[in-house]
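Numbering (the working numbering), first residue to last: 1 to 300.
Don't be surprised by glycine CBs; every beta carbon is placed ideally from N, CA and C.
Structure, as structure tokens:
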């Protein structure tokens with residue numbers, strides 16, 4: 001028998017969990033579906049300094065707080081991947097384990113890591129996209145981080161505490177990260193900063209042994225011996241579901257104004273997968289609240 005809910009939320013990050021909190025407080029039956037781990041991308045952040053009221057909290061701690069709050073309010077939370085959403089009244093949501101129906105659906109699918117397009121990038125041991133997840137494997141060893149935003153510099157700071165050395169590689173001359181992070185990285189004695197530099201290829205047969213680097217201005221190439229490479233070169237939206245529903249733009253984001261209403265009746269969007277200028281933890285939570293209240297109104 002197919003289980004039915006008032007609202008089904010796809011995504012268990014800050015936007016989705018905030019939406020679950022608000023919909024449960026409104027008395028609606030709620031199902032949250034997350035394919036990986038609760039908390040989304042923020043769960044891999046070693047330190048979150050910009051969430052009001054919770055200075056210097058780790059991403060996983062913040063994710064646990066949101067999860068616990070939603071669960072204690074009565075939200076049903078399942079680790080299942082949504083494979084298909086069938087439009088209709090009600091909506092039918094098919095996962096890799098079950099089929100559910102809901103009067104309204106909130107898409108809070110968030111973002112996934114962007115790759116650099118290198119051969120064996122996602123299969124060669126030694127290449128990681130999560131410093132918090134895998135950093136401990138490289139304690140006392142030489143590592144590199146590629147990227148120029150806040151995530152890359154936070155990863156560098158985290159790894160510098162446990163690794164022998166960290167080389168920060170950025171393809172531009174200036175970092176786009178917050179100045180406070182740039183200053184903190186510059187003060188670490190075991191961190192080397194290489195700007196105007198790109199990774200041309202990964203070295204090593206069975207595991208990563210080094211990187212072939214190229215200076216973008218001089219054209220000079222050189223090898224950098226490292227045991228681990230942590231990529232933090234940006235993110236892209238999880239676009240499969242919105243594309244299938246016909247509500248995604250060319251880049252895979254879902255067009256919706258601040259009211260979080262999509263072109264499809266009964267389907268709402270929250271978080272980083274929405275078209276907007278500012279993608280921060282606080283704006284994801286704000287979207288979650290707005291989308292939740294809109295979905296509650298739709299349900300009646």
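- Task: Give the DSSP-derived three-state secondary structure of residue 263 in the structure shown.
- Result: If DSSP states are grouped into helix, strand and coil, residue 263 belongs with coil.
- Query: If residue 143 and residue 127 are in contact, beta carbons under 8 angstroms, what's the gap, nearest whole angstrom?
  - Reply: Incorrect: roughly 11 angstroms between the Cβ atoms, too far for contact.
- Task: Report buried or exposed for residue 28, applying the criterion of at least 16 other Cβ atoms within 10 angstroms of its Cβ.
- Result: That one is buried.
- Query: Which of the three DSSP states, helix, strand or coil, is assigned to residue 137?
  - Reply: Three-state DSSP puts residue 137 in a helix.
- Task: Count the other C-beta atoms from every protein chain shown that fall within 10 angstroms of the C-beta of residue 41, then say buried if there are 16 or more, exposed otherwise.
- Result: Flag for residue 41 reads buried.
- For residue 13 and residue 258, the rounded distance between their alpha carbons: Whole-angstrom Cα-Cα distance: 19 angstroms.
- Going by alpha carbons, who is nearest to residue 234 out of 70, 58 and 114? Among 70, 58 and 114, the Cα nearest to that of residue 234 is on 114.
- Of the residues 111, 160 and 65, the one placed nearest residue 187, counting alpha carbons only: Relative to residue 187, the option among 111, 160 and 65 whose CA is nearest is 160.
- Task: With a 10 Å radius around its C-beta and 16 neighbouring C-beta atoms as the bar for buried, classify residue 1 as buried or exposed.
- Result: So residue 1 counts as exposed.
- Query: Below 8 angstroms between beta carbons: does that hold for residue 253 and residue 294?
  - Reply: Not closer than 8 angstroms, so no.
- Message: Checking 8 angstroms against the spacing of the C-beta atoms, do residue 125 and residue 208 come in under that value?
- Response: Contact flag set, yes.
- Task: Determine, using beta carbons only, whether residue 210 and residue 194 come nearer to each other than 8 angstroms.
- Result: No, the Cβ-Cβ distance between residue 210 and residue 194 is not below 8 angstroms.
- Task: Kindly list the residues whose CB is nearer than 6 angstroms to the CB of residue 288, restricted to its own chain and excluding five residues on each side of it in sequence; keep chain order.
- Result: Closer than 6 angstroms at Cβ, skipping near neighbours: 15, 18, 19 and 270.
- Figure out for me which residue from 181, 206 and 199 has the closest Cα to the Cα of residue 215. For the residues 181, 206 and 199, the minimum Cα distance to residue 215 belongs to 199.
- Straight-line CA distance for residue 5 to residue 78? Distance between the alpha carbons of residue 5 and residue 78 is about 13 angstroms.
- Task: Taking 8 angstroms as the cut-off, decide whether the C-beta atoms of residue 241 and residue 101 are in contact.
- Result: No. Outside cutoff.
- Query: Does the distance from the CB of residue 292 to the CB of residue 97 come in under 8 angstroms?
  - Reply: No. Outside cutoff.
- Query: Does DSSP put residue 212 in a helix, in a strand, or in coil?
  - Reply: Residue 212 falls in the strand class under three-state DSSP.
- Item | the region 53–66 / the region 148–158 touching (three or more Cβ pairs under 8 angstroms) | Under the 8 angstroms Cβ criterion, the region 53–66 does not count as touching the region 148–158, having fewer than three qualifying pairs.
- Can you say whether residue 164 is buried or exposed, counting buried as having 16 or more other CB atoms within 10 angstroms of its CB? Residue 164 comes out exposed.
- In the region 120–187, which residue ranges form an unbroken beta strand (DSSP E) of at least 3 residues, counting only runs that do not cross its ends? As for any beta strand (DSSP E) of minimum length 3 sitting wholly inside the region 120–187, the runs are 142–146 and 165–169, ordered along the chain.
- Item | Buried versus exposed call for residue 87 [16 or more other C-beta atoms within 10 Å across all chains shown] | By the 10 Å Cβ count, residue 87 comes out exposed.
- Query: Would you say residue 129 and residue 281 are within 8 angstroms of each other, going by their C-beta atoms?
  - Reply: In this structure, residue 129 sits away from residue 281, with a CB-CB distance that is not shorter than 8 angstroms.
- Strand pairing of residue 104, partner residues [DSSP]: For residue 104, the beta-bridge partners assigned by DSSP are 7.
- Classification of residue 221 by the beta-carbon crowding that lies within 10 angstroms, buried from 16 upward: Residue 221 is exposed by the Cβ-count criterion.
- Item | Same chain only: Cβ atoms within 8 angstroms of residue 304, ignoring 5 sequence neighbours per side | The question about residue 304 has no answer, for the chain in this structure spans 1 to 300.
- Within its chain, find whatever has a CB closer than 6 angstroms to the CB of residue 352; leave out the 5 residues flanking it on each side and keep chain order. There is simply no residue 352 to check, as the chain begins at 1 and stops at 300 in what is shown.
- Item | C-beta contact flag for residue 105 and residue 94 at 8 angstroms | Residue 105 is not a Cβ neighbour of residue 94, given a cutoff of 8 angstroms.
- Task: Counting only the same chain and skipping the five closest in sequence on each side, list residues whose C-beta sits under 7 angstroms from that of residue 176.
- Result: These residues qualify, in order along the chain: 148 and 149.
- Item | Contacts around residue 112, its chain only, beta-carbon distance under 7 angstroms, and the 5 residues preceding and following it disregarded | For residue 112, where only same-chain residues beyond five positions count, the Cβ hits under 7 angstroms are 235, 236 and 238.
- Message: Per the DSSP calculation, residue 236 is bridged to which residue(s)?
- Response: Listed as beta-bridge partners of residue 236 by DSSP are 112.
- Which two residues bound the contiguous alpha helix (DSSP H) that contains residue 283? Here the alpha helix (DSSP H) through residue 283 covers 281–299.
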